[in-house]
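*Asks:*
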Amino acid sequence: MSFVETTTVFNYSWNQVARAFWNRYPNPSSSHVLTEDTIVREVRDGKLYTRRILSKTNPIPKWGERFYSAKAVRILEDSELDPKKKTLRTFTRNLGFKKIMVNFLKTFYFEII
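Sequential numbering of the sequence shown, starting at 1, is according to UniProt numbering.
(1) Measuring CA to CA, which of 3, 11, 100 and 38 is closest to residue 63?
(2) Does the Cβ of residue 39 have 16 or more other Cβ atoms within 10 Å, making it buried, or fewer, making it exposed?
(3) Rounded to a whole number of angstroms, what is the C-alpha to C-alpha distance between residue 54 and residue 30?
(4) Pull the bridge partners of residue 75 from the DSSP assignment, please.
(5) Counting Cβ pairs closer than 8 angstroms, one from the segment 91-99 and one from the segment 9-29, do we hit at least three?
(6) Between the alpha carbons of residue 43 and residue 90, how many angstroms are there, rounded?
(7) Using the three-state DSSP reduction, which class does residue 21 fall into: helix, strand or coil?
(8) Can you tell which of 20, 104 and 113 has its C-alpha closest to the C-alpha of residue 4?
(9) Keeping to the same chain, check which residues put their C-beta closer than 8 angstroms to that of residue 85; ignore five residues upstream and five downstream.
(10) What separation, rounded to the nearest whole angstrom, lies between the Cα atoms of residue 92 and residue 18?
(11) Quick check on this structure: which residue in 107, 20 and 78 has the alpha carbon closest to the alpha carbon of residue 50?
(12) At the level of alpha carbons, what is the spacing between residue 87 and residue 24?
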């Protein structure tokens with residue numbers, strides 16, 4: 001099992017970063033993302049909760065090609081946006097290819113004051 005942690009500071013306002021997150025796709029620089037479908041969106045306790053399914057075509061490692069011929073994988077993304085605290089948390093994981101690889105991605109966007 002492998003873990004990676006990175007930190008990036010965006011030199012943009014909180015509103016610009018949040019808007020960019022919601023408007024990521026379609027994007028000519030991300031042609032590997034085939035579809036993006038929102039399946040749940042609701043406001044609870046002043047926070048926006050969203051669940052989306054994406055279909056991506058990232059290449060399978062060479063060693064995995066003999067196990068799976070499919071080129072696309074579905075990705076599940078859950079997010080929580082708190083406009084009062086100016087935070088956005090996401091949790092993304094693959095739904096396919098789990099027998100050979102499981103990916104979890106957690107992101108946390110927040111305003112630096």
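Each residue gets a CB set at the ideal place from its N, CA and C atoms; glycine is no exception.
Predicted model only: the values in this text are computed from it and were never measured.
*Replies:* Taking the structure as given:
(1) 100
(2) exposed
(3) 12 angstroms
(4) 54 and 94
(5) Taking one beta carbon from each stretch, the segment 91-99 and the segment 9-29 have fewer than 3 pairs nearer than 8 angstroms; the two do not touch.
(6) 16 angstroms
(7) helix
(8) Ranking 20, 104 and 113 by Cα distance to residue 4 puts 104 first.
(9) 110
(10) 17 angstroms
(11) With distances taken between Cα atoms, residue 50 lies closest to 78.
(12) 17 angstroms
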